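Structure record follows, encoded as structure tokens.
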Amino acid sequence: MRCIRALLLVACVLLPLPFLLATSGHAQGIPQNIPRKELLILENPEGTVKNAGWFNIWAINAGSQSNGLQQVALDTLWYIDPESGLDGVWDNSLAADKPQYNADFTEMTAKLRKGIYWSDGIEFTADDVVSTVTTQIKNPGMRFSAVLASNVATVDAPDPYTVVFKLKKPNSRFHANFTVRWGAVWILPKHVFEKEADPTRFDFNKPVSLGAYVLNSYDPDGKWYIWQLRDDWQRTTLGRYGKPGPKYLAYIDPGPPDKRVIAQLNHELDVIHDIAPEGMFALAKQSKVTRAWFKGFPYGHPDPTLPAVIFNTQNELFRNPDVRWALALLIDIKAVSMAAYRGAATITAIGVPPTGAHPATYHQPMEEWLKGFEIDTGKRKIKPYDPMIGKQIAEMLRPSMGEQIPSDPAEIARAFGMGWWKVDPQAAQELLEKAGFAKRGGAWTTPDGKPFIVRVMVEGDLRPVMTRAGTMIVQLWKQAGIDARIDVAQGTLPTRRAAGDFDTFIGWSVETWGGHPDLSYFLDSWHSQFVAEPGKSQPLRNWQRWSSPALDKIIESIRTVGFDDPKSIELGKDYIKLAVKEMPTIPLMAYNVFTAMDQTYWTGFPTSENPYANPVPNWGNSRYMLVKLKPAG
Amino acid sequence: MASLGRPVVSVRTLRSGVLGAPMIGYLAYVGRRLAQFVLVVFIGINLAYVITHASPIDPVEQSISAVTSYGNTAPEAIEQMRTSLRELYGLGGSPVAQYLVFWKRILGVDFGPSMSAFPTPVSTLIGRALPWTAGLLVVSTIVAWGLGSLLGGLAGYYRNSRGLKLMGVIAMGLHPIPYYILALVLLIVFGFIWPVLPISGGSAMNLPQTLTFDFVISVLQHAILPALSLILIGVGSWFLGMRALVSNVVTEDYVVYAELAGVRPWRVLSSYVMRNALPPQLTGLAISLGGIFNGAVITEKVFGYPGVGSLLVDAVYAGDYGLVLGVTTVSILGVSIGVLVIDLLYPLLDPRIKVS
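As given, the protein sequences belong to chains C and B, one line each in that order.
Residues 839 to 1471 in the numbering used here are what the first sequence lists, from first letter to last.
Residues 311 to 666 in the numbering used here are what the second sequence lists, from first letter to last.
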């Protein structure tokens, strides 16, 4: 027994050792040797970066992008803000002015700013822009090679501050490639890359910066990156807006959602990129200093991205718009909003996300048209639009959320959206019967007598909000007698989406600039010239593989008008009307991103009351946030 | 898992250095075991190759999705990008040619470039992650094995000890708890309620990874929670296994005889009981140590600890065959070598075993 006692004694001595190693006070989750008051800690949603020491963003898929590299170290000609912007939506960044096109859009000239310098002291000039284009065209393995090669015939620098692009074919939106909306074609340093024989295998470590920050240090295991404000930050394009608040920025992988919440509650993570609605609710309840886009419910920032039920219109069952409309009329958007976002969603009935400039440009002006819109069920005509659904969601949540739910109708519309389609099982039945479907023994059969099976593909745990929406839609369709099934494609969704290996899926084929009304960002890719044959890979973003001569005409018209031409808005409305009639996708809601901002150390984050930028820290546009941040207290 | 066969030579004979027919028999056994090892590794790697190539995930589409989903890429450029990526990733050529290239690379200890972190070699990525995994899992596996086996042995021998009975209850209580639940509890307790331990990463941020006192302390601090979670879960199964083994051994005649002959209890426990109960535990330990090359996916995810497990999961989602094959090949080799070594050492550890 003596030996047992001895062993227990040893155990008693050894067991506390781990806790002697522990530090008191905090969990040591912040960078060492940097004053916390000078440091802003942001989540890098890419997580742990496998190839941490790779900073050559121009190589395909080689390293991280949103580790701070594209936000604070790189720059390009223009930015469009998804919200209202610091000085308007459009920002001439490296360019001194807006792009200038010739009459037939075969030539674009960009005038550049003077006095902008790389972090190694070399001046930025037109040669860098030319090199960015020619280096990538010469190397097909580079990220923007294909897009530049397919557009640019020649690129020249007649003087150090002018670049002239001659295009292979008319393109009134060529500048979009050099305009940041999340990312863009970033300008590379000619004086660095010209020394590399093979730029696809050059790691660009340590990166020479054109932005206001330079790399301070990084984790070889890819968990964190720290950037430091340049001494000569005035010689960068951000300098026009004043000195950025934080001297240091740490982009970190804080881990799974639970740990993000813990880290923010411990004030060790100033900006959470996104979190599940439940995590946001927990933070709102437990932290007095956490702020989201909206001050109260629904908290999240509506991204200029439009989750929808996307049909494979090359599938015989979904070719007929009556079938697609029938399925839309069986969806109770209130139930979907509750299931996906616990009600914290901004719904939309039309094919444009309800965010940024779009509600004023499209949603509000289209409201009267939507109220009068009719569909023919084969037996009668119905007006399917209910303009009060956004308000109904707000009222449904009011008993549990109390004062957090706004009362002002305009605020409700901004937070929860406007109207959506009424649930109308009778009209859905008539539409399906019109399309040749039949209901036998409570179950629907297709025109050729087979069970009407609809698989709804979702990404599972990789995108839980979309998965919850898909699961609810499956339940609603099942209740109506359709053999609906959830089809989890965790990890395989991009491959199956491109291959057209799905009936329907919950995802998005609509993304917009947000702050600018032009819809060509996604709409141009919906032209039938890009629709792949069944079985072949579909290029983005027309995943529904929808072909429509009427849509082609709209797109071709948009191509002939300028980016800022008001005609493009009218053409955008024509697209919306056509998409409502044809219903190639069933738009659901904006992709609400629950960006949580801790105001313990920094204040001045973008919010719905001060919407100068999109708060998500992975967008290139998030750099504007840095000049608005001030130390708290 | 140990391969035991017809007795030809005793370990005592081997130790005495006497050569002859028995020794030749032992060498033949070693030869057969080595051949078996090569066959197992060959089949394992081939299976991994077939399974990864049967994956429905196309690395090119995954890459295109990653590149284009965030930017304004014209559709006509996508096909060009697709072609470039296929060339870049070496996905051209017939399946037979790709298979031969794969084996050429394996034999040259080169797994080629990672497709999801192109052009970085797979071996570089594994080499970066493996020390973290090995450091954490070797230590926690050995500590859990040592503690569990020792306490289990004591509990099996001193069946009336209240303290050891209590440990048995604790071990039985901890053993069935799902790992992630225990990990989350530790995380919440020591990261939030009483925030004294780091909950993420392998070392403190902004601390150079050099062999300094600060770095070593930081690594130890960051390893406490993940290691503790692994040890708490692991120690229970080793404890219960060893206690059951010892409970059988203590009823053997030679133990009873030794006790009656007045051999001191500690000697009975260490030389008569524990030593004879250890071989199955050692086999388990060898397999566990070999298996560490799989990484500990949940541990790495929950604690944000760097390692091979996360690398493997990310590679699967990215359809990065090269990286998946690299990690699985290392893992297959790890487990196979672990079992081989223990099989060859078994006769030295257990005097009752005679190899055929």
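We put the CB at the ideal spot given by N, CA and C, even for glycine.
Everything numeric in this text was worked out from a predicted model, so none of it was measured.
Based on Cα-Cα distance, which residue from the options lies nearest to residue i?
i	options	result
C/A1146	C/A1183, C/V985, C/E945	C/A1183
C/F1368	C/Y1359, C/D1356, C/L1357, C/W1381	C/W1381
C/W1346	C/Q938, C/G1093, C/R1383, C/D1356	C/R1383
B/D624	C/G1373, C/L1300, C/G1471	C/L1300
B/P405	B/P518, B/G614, B/A364	B/A364
C/P1159	C/Y1079, C/G1134, C/L1270	C/L1270
B/Q372	C/T1330, C/R1039, C/M1435	C/T1330
C/P1425	C/Y1063, C/T1342, C/N1448	C/T1342
B/P508	B/A533, B/L457, B/T639	B/A533
C/V1190	C/P996, C/P1140, C/S1395, C/I975	C/P1140
B/T520	C/F943, C/P1058, C/N1054	C/P1058
B/P657	B/N586, B/V626, B/G644, B/G400	B/N586
C/G1458	C/Q903, C/P869, C/P1404	C/Q903
What are the boundary residues of the alpha helix (DSSP H) that includes residue i?
i	result
C/P1263	1263–1272
B/W442	432–467
B/H532	523–559
C/A1253	1247–1254
C/S835	Lying outside 839 to 1471, the shown extent of chain C, residue 835 of chain C is not represented and no answer is given.
C/M1472	Nothing can be reported for residue 1472 of chain C: it is not among the residues displayed for chain C, which extend from 839 to 1471.
C/H1029	1028–1031
B/W413	405–417
C/G1345	Careful: C/G1345 lies outside any alpha helix (DSSP H), inside the beta strand (DSSP E) at 1342–1345.
Which residues in the same chain as residue i place their Cβ atom closer than 6 Å to its Cβ, once the five residues preceding and following it in sequence are excluded?
i	result
B/S620	E610
B/R553	G462, A465, G466
C/E961	Y955
B/S646	F347, V350, V351
C/K1219	E1212
C/P998	T963, A964
C/A1195	G1353, P1355
If you drop the 5 nearest sequence neighbours on each side, which residues of the same chain put their C-beta closer than 7 Å to that of residue i?
i	result
C/M1075	It should be noted that the sequence gives Thr, not Met, for residue 1075 of chain C. So the qualifying residues of the chain are D913, S931, L932, R951, I954.
C/D958	V1046
B/L398	F428
B/Y467	V556, V560, L579, V583
B/L517	D524, F525, S528
B/G648	A596, I597, L599, G600
C/A1318	L1168, P1263, A1266
C/F1275	W1282, T1283, T1284, P1285, F1290
B/V651	A596
Starting from the C-beta of residue i, find all residues in its chain whose C-beta is less than 8 Å away, skip the five residues before and the five after it, and write them out in chain order.
i	result
C/I875	Note on residue identity: the sequence assigns Lys, not Ile, to residue 875 of chain C. Result list for C/K875: Y1439, P1469, in chain order.
C/M839	Unreliable positioning characterises C/M839 in this predicted model, as indicated by a pLDDT of 48, which lies under 50. The coordinate reading is nonetheless provided below. Cβ neighbours of C/M839 beyond the five flanking positions: none.
C/I1113	P1095, R1098, V1099, L1121, F1432, A1434
C/K1006	S988, N989, V990, A991
C/V851	Low confidence applies to C/V851: its pLDDT is 47, below 50, so where it sits in the model is not reliable, and the reading given next is rough at best. Excluding positions up to five away in sequence, the list is empty.
Contact check, residue i vs residue j under 8 Å by CB: the rounded distance?
i	j	result
C/V1052	C/Q1072	The pair is not a contact, with the Cβ atoms about 14 Å apart (cut-off 8 Å).
C/P1332	B/S375	4 Å
C/M1310	C/A1173	6 Å
C/V968	C/V993	5 Å
Determine the extent of the beta strand (DSSP E) in which residue i is found, giving its start and end residues.
i	result
C/R1323	1321–1326
C/A1122	Where C/A1122 is concerned, there is no enclosing beta strand (DSSP E), although the alpha helix (DSSP H) it sits in stretches over 1115–1124.
C/F1149	1146–1149
B/M477	Taken as a continuous stretch (DSSP letters only), B/M477 belongs to no beta strand (DSSP E), being part of the alpha helix (DSSP H) at 472–484.
C/Y1089	1086–1090
So is residue i in contact with chain A if we call contact Cβ pairs under 8 Å?
i	result
B/I367	This model lacks chain A altogether; the protein chains it does include are C and B.
Three or more beta-carbon pairs under 8 Å between the region 1219–1235 of chain C and the region 1458–1466 of chain C, yes or no?
no
Counting beta carbon pairs with one atom in the region 1134–1149 of chain C and one in the region 1273–1282 of chain C, are three or more of them shorter than 8 Å?
no
Spell out a yes or no on whether the region 1156–1171 of chain C and the region 1250–1265 of chain C are touching, meaning 3 or more CB-CB pairs, one atom from each, closer than 8 Å.
yes
For the 8 Å Cβ check, are there 3 or more pairs between the region 455–463 of chain B and the region 547–555 of chain B?
yes
Could you check whether the region 1328–1343 of chain C touches the region 357–369 of chain B, counting it as contact only if at least three pairs of C-beta atoms, one from each stretch, sit closer than 8 Å?
yes
Assess contact between the region 566–575 of chain B and the region 437–450 of chain B, defined as three or more Cβ pairs (one per stretch) separated by less than 8 Å. Is contact present?
no
Count Cβ pairs between the region 1434–1449 of chain C and the region 892–912 of chain C that sit closer than 8 Å; are there 3 or more?
no
Meets three-Cβ-pair contact criterion under 8 Å: the region 1086–1106 of chain C and the region 493–503 of chain B
yes
Is there contact here, the region 1118–1135 of chain C with the region 1427–1439 of chain C, by at least three beta-carbon pairs under 8 Å?
yes
Taking 8 Å as the cut-off, does the region 1320–1327 of chain C touch the region 1287–1295 of chain C (at least 3 CB pairs, one atom from each stretch)?
yes
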